[in-house]
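Beneath this line is the structure, given in structure tokens, with notes to follow.
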Amino acid sequence: GVPDIDKWNVDRESDAAQSELDRIDADASDNGFTGTPSFAFREADGSLTPLEDTQTSQAIIDAINEQAKSAKSGNNSGNGQ
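In the numbering used here, the protein residues as written are -7 to 73.
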């Protein structure tokens, strides 16, 4: 079993836990995330560019390869797609 499951059940219903979840949800929304799982590239300026197509492994691989090509060419403002 899970050690101290009763404490965990109480803690997960706390106002502090809900506040943290609300903060994380707002941060995700502010960065363009609409669901899970979500993936993004961190740009040179620190901003996040969410991947638009995460339906297949190949789409994610293609986005990574495109971002790598963009970074190598000195254009680190990939479109995340």
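Each residue gets a CB set at the ideal place from its N, CA and C atoms; glycine is no exception.
Keep in mind that this is a model prediction, so the values were computed, not measured.
(message) Assuming contact is defined by CB atoms lying nearer than 8 Å, are A51 and T41 in contact in what I supplied?
(response) no
(request) Report yes or no: do three or more beta-carbon pairs, one from the stretch 42 to 61 and one from the stretch 19 to 33, lie closer than 8 Å? (result) yes
(request) Look at the alpha carbon of E58 and the alpha carbon of Q47, and state the distance between them as a whole number of angstroms. (result) Cα to Cα, E58 sits roughly 17 Å from Q47.
(message) Within the continuous beta strand (DSSP E) that includes L40, where are the two ends?
(response) L40 to P42
(message) Using CA atoms only, rank isn't needed, just tell me which of N23, D45 and G27 is closest to S39.
(response) N23
(request) For L43, count neighbouring Cβ atoms within 10 angstroms of its own Cβ and tell me buried if that reaches 16, exposed if not. (result) buried
(request) Specify the secondary structure class of R34 as computed by DSSP and reduced to three states. (result) strand
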